DNA sequence: GATATCCTTATGTATAAACATTACGAGTGG
DNA sequence: CCACTCGTAATGTTTATACATAAGGATATC
């Protein structure tokens with residue numbers, strides 16, 4: 012999955028899934044075509060129907076199969092293309108690259124949210140949240156710049172945390188699990204502040220990541236991360252599909 | 012939930028998963044803490060252990076739980092943050108936005124691959140592949156520019172396809188399912204060609220997506236997609252996690 | 001005290017059986 | 001010919017049971 016979206020799979024079910032995948036990739040079973048039903052496959056693979064079911068559900072989750080009750084299972088006309096990103100903690104990313112991690116907070120204060128942020132997180136415009144800006148470094152060089160809004164109403168313990176010292180990213184990961192998240196990428200030319208904090212040039216193309224998370228009390232945080240020029244964000248594995 | 016990586020889940024298992032998720036989000040069960048074992052939860056929820064197992068495996072897949080044989084299940088110290096992107100067919104994206112789709116191929120010819128591409132796909136440098144460049148339009152305005160390399164050795168039928176007419180993206184989706192894929196985002200300042208084909212200015216920040224796919228015969232295709240300035244690529248749903 | 005060994009426990013996987021649910025498609029009646 | 005009904009086939013979900021496997025912890029050994 013991009014890896015396997017779901018957890019680990021069992022040997023036998025796994026084997027069945029691989030074999031079905033192979034038949035699809037090698038055009039033994041073509042797109043749109045109906046494949047044998049669970050009972051038949053169970054006989055062929057000498058397994059219980061439940062095991063075949065597990066394998067086929069896995070493949071359906073990957074988007075390779077379309078399954079409908081009574082109608083049967085068929086190879087997806089256009090395999091859904093899914094990719095799973097794992098967003099690591101910044102410090103881990105930096106240290107994994109063999110660099111020394113450090114970070115610095117450049118601003119932190121309560122402030123009414125601008126309209127675009129309000130719209131993104133679903134709060135009334137002008138609501139007062141904690142606003143902060145910080146830069147994460149690898150071996151002293153800017154790695155990423157984050158511009159973050161925090162909502163104390165969704166995470167009360169947040170009031171007590173000292174983000175001049177603590178890393179907001181890590182604090183949130185450890186103390187404020189979320190129920191829903193949105194993630195988006197875009198590109199922007201570095202503005203004056205971006206350029207200064209990332210120590211690059213005005214106009215330099217920057218990869219921007221926007222992330223917002225919610226729990227049952229409302230939005231927890233929304234952040235705009237600007238990566239150092241040339242940075243790639245990618246997947247390691249991807250589920251099967253088309254293209 | 013994220014699209015829940017895996018397909019749909021069952022009512023009862025689903026309910027158990029939601030309840031466990033709630034207990035974690037509301038700090039009833041804290042990070043690192045061990046939760047009751049499957050047998051106990053089965054009694055509490057009046058379900059079979061297999062059902063509890065299904066629910067917990069789902070949550071483990073989301074990264075909210077860490078499970079180990081004999082050691083039991085505990086709330087993940089730092090919930091893995093995963094986001095699933097669904098890469099749609101360009102035409103669908105454009106049409107879904109209510110625009111008229113069209114595309115134009117600007118170049119197509121066999122050519123030896125440059126070293127960086129060779130390294131990315133794992134082929135010897137200088138190998139000859141099909142190289143093509145095309146622009147996809149929405150209502151006549153450039154939507155995205157793709158620079159693609161195709162490997163006939165991994166998809167033989169490819170030789171017969173006429174990509175001056177056909178949309179390579181769609182042809183591949185329908186005819187060349189893959190087993191593995193890599194996806195990465197970055198940002199680049201538009202070069203002269205990007206600017207001309209996307210009808211924008213030199214230096215404009217562009218969101219770049221790189222995608223490479225493989226089947227059992229080797230790399231099928233690798234493509235660099237440059238999006239129209241201001242374009243966002245994002246997720247709709249994301250699995251639970253931290254931050 | 002350090003190390004090796006075994007027992008026990010919690011999860012991992014598979015199976016058979018049963019019932020729920022959906023919707024295809026045939027049959028019925030107008 | 002159309003609309004409606006209903007039987008039935010395929011998947012969806014749960015359950016009970018059984019055995020496999022990993023690893024924590026106690027015990028035994030040196």
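Chains as they are written, first to last, in our numbering: chain A, 12 to 254; chain B, 12 to 254. C-beta: ideal position from N, C-alpha, C; glycine also. For clarity, every value in this text was computed on a predicted model and none was experimentally measured.
Bounding residues of the beta strand (DSSP E) (the contiguous stretch that carries residue 232/A): Note, residue 232/A: beta strand (DSSP E), 229–238.
Chain B residues whose Cβ lies nearer than 8 Å to that of residue 227/A: Under the 8 Å cutoff, chain B gives 33, 36 and 37.
is_contact[residue 338/A, chain B] using C-beta, thresh 9 Å: Because residue 338/A is not part of the residues shown, which for chain A are 12 to 254, the question remains open.
Cα-Cα separation, residue 25/B to residue 130/A: The alpha-carbon of residue 25/B is positioned some 31 Å away from that of residue 130/A.
Top-ranked residue by Cα proximity to residue 168/B, from 75/B, 179/B, 186/B and 133/B: Taking only the C-alpha atoms, the option nearest residue 168/B is 186/B.
Of the residues 42/B, 69/B and 45/B, the one placed nearest residue 23/B, counting alpha carbons only: Of the listed residues, the one whose Cα sits closest to residue 23/B is 69/B.
Burial state of residue 213/A, where buried means 16 or more other Cβ atoms lie within 10 Å: If you draw a 10 Å sphere on the C-beta of residue 213/A, you find fewer than 16 other C-beta atoms in it, and that means exposed.
Minimum C-alpha distance to residue 218/B - residue among 35/B, 240/B and 157/B: The shortest CA-to-CA distance from residue 218/B to any of 35/B, 240/B and 157/B is the one to 240/B.
Endpoints, the alpha helix (DSSP H) within which residue 208/B is located: Counting along the chain, the alpha helix (DSSP H) containing residue 208/B begins and ends at 203–208.
Identity of the residues DSSP links to residue 155/B by a beta bridge: According to DSSP, which records beta bridges pairwise, residue 155/B is partnered with 147/B and 238/B.
Continuous beta strand (DSSP E) stretch holding residue 192/A: start and end: The continuous beta strand (DSSP E) containing residue 192/A extends over residues 191–200.
Per-residue DSSP class, three states only, for residue 48/B: It is coil, neither helix nor strand.
Against chain A: residues of the stretch 37–54 of chain B by CB proximity under 8 Å: Here the close residues are 37 and 42.
C-beta contact flag for residue 197/B and residue 244/A at 9 Å: By the CB criterion at 9 Å, residue 197/B and residue 244/A fall inside the cutoff.
Any alpha helix (DSSP H) of 4 or more consecutive residues that is wholly inside the stretch 50–89 of chain B: If only uninterrupted alpha helix (DSSP H) runs of at least 4 residues are considered, those enclosed by the stretch 50–89 of chain B are 60–73.
Near-chain A residues of the stretch 154–169 of chain B - C-beta to any C-beta below 8 Å: From the stretch 154–169 of chain B, no residue has a Cβ closer than 8 Å to chain A.
Identity of the residues DSSP links to residue 93/B by a beta bridge: The partner list for residue 93/B (beta bridge, DSSP) reads 97/A.
Residue-level contact to chain A via CB, residue 190/B, 9 Å cutoff: Answer yes: the Cβ-Cβ gap between residue 190/B and chain A drops below 9 Å somewhere.
Stretch pair the stretch 107–126 of chain B + the stretch 188–203 of chain B: three plus CB contacts closer than 8 Å: No: fewer than three Cβ pairs fall under 8 Å.
Identified DSSP bridge partners for residue 223/B: BP columns for residue 223/B point to 193/B and 233/B.
Proximity test, Cβ basis, 9 Å: residue 97/B and chain A: Taking 9 Å as the threshold, the shortest C-beta distance from residue 97/B to chain A falls below it.
CB contact flag (residue 145/B, residue 116/B, <9 Å): Going by C-beta atoms, residue 145/B is nearer than 9 Å to residue 116/B.
Residue 218/A Cβ short of 8 Å to the ligand SAH heavy atom set: Looking at this structure, you won't find the ligand SAH or any other ligand, since it has none at all.
Buried/exposed call for residue 337/B, threshold 16 Cβ in 10 Å: In this structure chain B extends from 12 to 254, so residue 337/B is not present and cannot be described.
Inter-residue CB distance, residue 72/A and residue 90/A (contact presumed, cutoff 8 Å): Not really, about 12 Å apart at Cβ, beyond 8 Å.
Inter-residue Cα distance where the pair is residue 113/A and residue 152/B: Computed Cα separation, rounded: 44 Å.
Closer than 7 Å at the beta carbon, the chain B residues around residue 28/A: Contacts between residue 28/A and chain B, judged by CB atoms closer than 7 Å, are missing: the closest CB pair is about 12 Å apart.
Straight-line Cα distance separating residue 64/B from residue 142/B: The C-alpha of residue 64/B is placed about 49 Å away from the C-alpha of residue 142/B.
Pair within 9 Å by beta-carbon distance, residue 101/B and residue 121/B: Residue 121/B sits away from residue 101/B, with the two beta carbons spaced by 9 Å or more.
Short Cβ contact (9 Å threshold) for residue 254/B with residue 98/A: Yes, Cβ-Cβ distance for residue 254/B and residue 98/A is below 9 Å.
Chain A within 9 Å of residue 149/B, Cβ atoms only: Residue 149/B does not count as touching chain A.
Close Cβ partners of residue 208/A (< 6 Å) along its chain, the five nearest in sequence each way excluded: Hits under 6 Å: 146 and 156.
Residue 212/A (DSSP reduced to helix, strand or coil): Under the three-state reduction of DSSP, residue 212/A is assigned to coil, being neither helix nor strand.
Unbroken beta strand (DSSP E) run spanning residue 258/A, endpoints: No statement about residue 258/A is possible, as the shown extent of chain A runs from 12 to 254 and does not include it.
Outcome for residue 133/B when other beta-carbon atoms lying within 10 angstroms are tallied against a minimum of 16: A residue is called buried once 16 or more other Cβ atoms fall within 10 Å of its Cβ, and residue 133/B, having fewer, is exposed.
Neighbour-count burial assignment, residue 176/B, 16 or more Cβ in a 10 Å radius: Exposed, because fewer than 16 other Cβ atoms sit within 10 Å of the Cβ of residue 176/B.
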